[in-house]
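For the sequence shown, the working numbering begins at 8 and goes up steadily by one. Virtual Cβ for every residue (Gly too), placed ideally from N, Cα, C. Model, not experiment: these values are computed from the prediction.
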Amino acid sequence: MFTDIKKSLLIIIFLLLPGCATFPENLSGDFSIPIPSTPHQFKFSSKHIKLEIKDEKRAYYYLIDHTSGLLIFFNFENARECDSSESCRDYFAKRIKKLYPDRTNWTFSQIGDVFVFENMDKMYQGIDLQHHHMYAQYVIDGVWIDLYLSKVGFQKKDRKIFVEF
């Protein structure tokens, strides 16, 4: 019983933290993340995104948009299992479906030249978190870029935030 209470409290904290806490903003509004083993940069802008974790050894980045509640994860690795945005999306979606068989509303689409898949978590211990996930896959010069976006409390209007990012 104590474990259930702890889990419920963690869920409540997870839902409330982005809205209650004050975090420093990225004042320049510009991010440039180097794509390993290439001369390329992954660039994007937002004044409300804060870099939380930067692990260049693993080529992993975790950022939060504290205005919208969007969680942003980048991971870079050699493209051994796939060689295009579409083949990486299909390969990774198959892996994610095995890891999370309870997720619902699976959709596969393309945004510009990037192939994506999306899904939602089911209720957790009777609480509907409306937790939405989007995975976008890129391949640049043999490097597979896995961009993962996530948001709790997702509403249909929030999809615009995902797509615009």
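Chain-order list of residues whose beta-carbon lies under 7 Å from that of residue i (same chain, five-residue window excluded)
i, result
"residue 45", "147, 148 and 150"
"residue 168", "75 and 77"
Close beta carbons around residue i, own chain, < 6 Å, minus the five adjacent residues each side
i, result
"residue 38", "51"
"residue 125", "114 and 141"
"residue 47", "147"
"residue 103", "none"
"residue 101", "none"
Enclosing alpha helix (DSSP H) for residue i [first to last residue]
i, result
"residue 229", "Nothing in the structure corresponds to residue 229, since the chain is present only between 8 and 172."
"residue 168", "166–171"
Span of the beta strand (DSSP E) around residue i
i, result
"residue 122", "121–127"
"residue 84", "77–85"
"residue 60", "56–62"
"residue 137", "Unbroken run through residue 137: none, as it is neither H nor E."
"residue 50", "48–52"
"residue 37", "37–41"
"residue 114", "111–118"
"residue 68", "67–72"
Contact under 8 Å by Cβ, residue i with residue j
i, j, result
"residue 159", "residue 140", "no"
"residue 152", "residue 56", "no"
"residue 156", "residue 79", "yes"
"residue 120", "residue 92", "yes"
"residue 58", "residue 172", "no"
Integer-rounded CB distance, given that residue j should sit under 8 Å from residue i
i, j, result
"residue 81", "residue 122", "Going by Cβ atoms, the distance from residue 81 to residue 122 rounds to 17 Å, so no, they are not a contact pair."
Own chain residues within Cβ distance below 8 Å of residue i, not counting five before or after
i, result
"residue 162", "137"
> Between the stretch 88–101 and the stretch 55–68, do three or more beta carbon pairs fall short of 8 Å?
Replying inline: no
> Is the stretch 108–116 touching the stretch 81–90, taking contact as three or more C-beta pairs under 8 Å?
Replying inline: Contact check between the stretch 108–116 and the stretch 81–90: fewer than three CB pairs, one atom from each, fall below 8 Å, which does not count as touching.
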